[in-house]
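**Q** Before I ask anything, let me first share the structure, which is written out below as structure tokens.
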Amino acid sequence: MFDKYLILVQDQFVYGGKKYALSGGGQRESTDVLFDKYGKNWLIGTIDKYTFRFKNLKRERDLLKIACYMYIMWLKRGYHIDNQRVNPIDTNVKVKADFFPVFSKRVESQRGLELELEHDNELEVLERISDMLGRMSREEWTDMSEKVLIAIFIMTYYIWNKEFSSVKEHDTDTYNEKRT
Numbered sequence: 002m003f004d005k006y007l008i009l010v011q012d013q014f015v016y017g018g019k020k021y022a023l024s025g026g027g028q029r030e031s032t033d034v035l036f037d038k039y040g041k042n043w044l045i046g047t048i049d050k051y052t053f054r055f056k057n058l059k060r061e062r063d064l065l066k067i068a069c070y071m072y073i074m075w076l077k078r079g080y081h082i083d084n085q086r087v088n089p090i091d092t093n094v095k096v097k098a099d100f101f102p103v104f105s106k107r108v109e110s111q112r113g114l115e116l117e118l119e120h121d122n123e124l125e126v127l128e129r130i131s132d133m134l135g136r137m138s139r140e141e142w143t144d145m146s147e148k149v150l151i152a153i154f155i156m157t158y159y160i161w162n163k164e165f166s167s168v169k170e171h172d173t174d175t176y177n178e179k180r181t
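Going by the working numbering, the sequence shown wraps up at 181, each residue one higher than the last.
Rendered as structure tokens:
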């Protein structure tokens, strides 16, 4: 099931690149511009918005968005390069696609976290995610922990696996037009 989840998250950022593309060669996306204008807390607040939406609507797409943004934050922080990166990295579709396997391997190495969650209900896990995002917003950009970003990704997978892994049709907001 984890592989299916990764495919669904990847679908989010590939289609997001289409939704949020800028003209001029595709090196940057609107998320990069908004991050530059409003800082990391704009993005963290956007992510936390999806925790509230999931609580209210229980839509699979909101979990996928949280997971996708954890990956984007991991990239923007530069963890695909090293742990010392200071300046945020632009995260166009090519960069996202190129480094998703690296991120996936790092997530896979921390999957033991799921065992720690096995007695928690989804609302408790969502509250924990929201609390972690709040702490992240108060930290300096350079103090943002790779471990926390990956932990939140795993927590979204934990909820998804309980709630949506066996559905036949997944609720994503991607590719509303016909695929060819």
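Beta carbons: idealized from backbone N, C-alpha and C, even for Gly.
#1: Do Met71 and Leu7 have their beta-carbon atoms positioned less than 7 Å apart in this structure?
#2: Go ahead and pull the three-state DSSP assignment for Glu170.
#3: Helix or strand or just coil, what does DSSP make of Asp63?
#4: Using a threshold of 7 Å, state whether the C-beta atoms of Arg62 and Asp174 are closer than that.
#5: Flag this pair as yes or no: are the beta carbons of Leu182 and Thr52 separated by less than 7 Å?
#6: CA-CA distance, Asp33 and Leu124?
#7: For Glu128, which residues does DSSP report across the bridge?
#8: So Met58 and Thr157 are supposed to be a Cβ contact under 8 Å. How far apart are they, rounded?
#9: When DSSP labels each residue in this structure, what does Glu147 get in the three-state scheme?
**A** By the coordinates alone:
#1: Translated into positions along the sequence shown, residue 7 becomes position 6. Translated into positions along the sequence shown, residue 71 becomes position 70. No. Outside cutoff.
#2: Working through the sequence shown from its first residue, we reach residue 170 at position 169. The answer is coil: DSSP assigns Glu170 none of H, G, I, E or B.
#3: As a position in the sequence shown, residue 63 is number 62, starting the count at 1. Asp63: helix per DSSP, three-state reduction.
#4: Against the sequence shown, residue 62 aligns to sequence position 61. Against the sequence shown, residue 174 aligns to sequence position 173. In this structure, Asp174 lies closer than 7 Å to Arg62 by Cβ.
#5: Residue 182 cannot be examined here, being either before or after the span of the chain that is shown, 2 to 181.
#6: Stepping through the sequence shown from its first residue, residue 33 is reached at position 32. Stepping through the sequence shown from its first residue, residue 124 is reached at position 123. Using only the alpha carbons, I get a separation of about 31 Å.
#7: Against the sequence shown, residue 128 aligns to sequence position 127. BP columns for Glu128 are empty, so no partner.
#8: Counting from one through the sequence shown, the residue named residue 58 turns up at place 57. Counting from one through the sequence shown, the residue named residue 157 turns up at place 156. This sequence places Leu at residue 58; Met is not what is there. About 15 Å separates the two Cβ atoms, so there is no contact after all.
#9: Counting from one through the sequence shown, the residue named residue 147 turns up at place 146. Helix at Glu147.
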